[in-house]
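Residue numbers (this note's numbering): 169 to 679.
Structure, as structure tokens:
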């Protein structure tokens, strides 16, 4: 009996478990089939905050009525494709803030003025270009993405420019027939002739190209840090006449091109830090309002200019942690001092094969496996660098001598001035004037401290002179080694030429 009751209870438990699993499965199916409508956290506020949203093929919940809201905040959830269909449910919202939603594709509405969508996986942007047809107030919407070329855009503009005003025909069609219920995504945005976006933050995504951002002509602040951009055409941002801040830091940018003079009328801050730039051509940049420029943490050896006079408003410059060439850097730093540009960063220590110059590390020689450097040109550059180091060495020695003589004379004069009253003080000391004696001892102690300080300065100068001499010697032996290599190459060339002559004579004799 006990065994039968045990087996019965076991079977009952299994049946109950199966029933519960079936009920849970049915509940999930119903939930997925009919997702609950979304609701703003505070219905009366002008800002609609949604804490969790899932939007996909199998689940497309209905957004709340946002006609009275100006801002939408979605904190978390999963929306792989932030499409035009989804955007059409957002009503009159003009400011959008998107949390980490795993977005890969993003449609930017022309009516938005502010968009923040950092820390997602965005690799594709869709931006609607609205083209005016002649003097008409109508417009024809078209969506471009990164794959569209400039030729396709121009072809579209040429095609639309030949189309007449379709307003009357469309109005008659709407009046003649009843408009069926269709998704809002199929209806073009009304009374919008330009993208209104002013602020855009797409930092820490997966963008590789930003060419179609040129359609966002109203932008004032653009943040693209932490993406995968490798190539930049500065003309992309030329039409953004109100752009004040542009940040492209922490990408993989290795080339920036500006083939023609390009004006950036309002740009104040530009950051290209933490990229892979080896050279930077700024000659065609017209940035009269630029106050902050950051090119630090790249692989730059030089710019195409040695003076930044073209940036008349420049106040702060960050350029440390690059591979500057000493010849360019020495000229550029002098110009920075003259133009009162504040250098925001510096390097405390330099690698063994680099030299410190005004707080920055540089090399006199830039060896690259990809560069086909002629041996004679390399020797010439070495000799020029050797000559420059000699001049710097002699100038520093002369400066040290001048400072030493000036300090020594000043110290001697100071000692004589302090010793003059000692005879009088000695007489007063005989009269048991302890106060005067104490004051004399204090003056003597101060004189000894001054002498010790001067001696420490002399020691430091000697140590610096020794380090500079070691560097100069190292450069001398490097130059000598390169010259020896050149001699060996010339010897090999002469030997090869002699062998070719012998081969030619042998060939003629045989024929």
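No residue lacks a Cβ here, since even glycine has one placed at the ideal position from N, Cα and C.
Because the structure is a prediction, the values reported are computed rather than measured.
- Contact annotation: the stretch 468 to 481 touches the stretch 444 to 451, with at least three C-beta pairs closer than 8 Å.
- The Cβ atoms of residue 247 and residue 215 lie no closer than 8 Å to each other.
- CA-to-CA, the gap between residue 567 and residue 582 works out to about 22 Å.
- With contacts defined by Cβ atoms closer than 8 Å, residue 459 and residue 481 form a contacting pair.
- Annotated three-state conformation of residue 532 is coil, per DSSP.
- Looking at the DSSP output, residue 454 bridges to 431.
- Between residue 366 and residue 387 a beta carbon distance of about 6 Å is seen, short of the 8 Å cut, so the two are scored as contacting.
- Where residue 500 is concerned, the enclosing alpha helix (DSSP H) starts and stops at 494 to 507.
- Counting along the chain, the unbroken alpha helix (DSSP H) around residue 254 starts and ends at 252 to 255.
- With contacts defined as CB atoms closer than 8 Å, residue 250 and residue 231 fail to qualify as a contacting pair.
- Pairing residue 667 with residue 674, the inter-Cα distance amounts to about 10 Å.
- Bridge partners of residue 239 according to DSSP: 215 and 263.
- For residue 529, same chain residues with a beta-carbon under 6 Å away, outside a window of 5 residues either side, are 515, 518 and 522 in chain order.
- Close CB contacts of residue 491 within its chain, under the 6 Å cut and outside five residues either way in sequence, are with 467 and 469 (chain order).
- Annotation for residue 462: 439, 441 and 486 place their beta carbon closer than 6 Å to its own, counting only its chain and skipping 5 residues before and after.
- As a beta-bridge residue in DSSP terms, residue 437 pairs with 413 and 460.
- Sorting 370, 495 and 190 by C-alpha distance to the C-alpha of residue 417 places 370 at the top.
- The criterion of a C-beta distance shorter than 8 Å is satisfied by residue 291 and residue 375.
- The Cβ atoms of residue 282 and residue 263 sit closer than 8 Å to each other.
- Here the C-alpha atom of residue 253 lies approximately 46 Å from the C-alpha atom of residue 182.
- Pairing residue 507 with residue 432, the inter-Cα distance amounts to about 21 Å.
- Residue range 282 to 284 is occupied by the beta strand (DSSP E) that includes residue 282.
- Residue 399 carries a strand assignment under DSSP once its states are collapsed to helix, strand and coil.
- The criterion of a C-beta distance shorter than 8 Å is not satisfied by residue 408 and residue 377.
- Counting of Cβ neighbours within 10 angstroms places residue 220 among the exposed residues, the total staying below 16.
- Cβ contact annotation for residue 435 (same chain, cutoff 7 Å, sequence separation greater than five): 411, 412, 414, 455, 457 and 458, in chain order.
- Residue state for residue 582 is assigned as helix, using DSSP reduced to three classes.
- Per DSSP, the unbroken beta strand (DSSP E) holding residue 423 starts and ends at 423 to 425.
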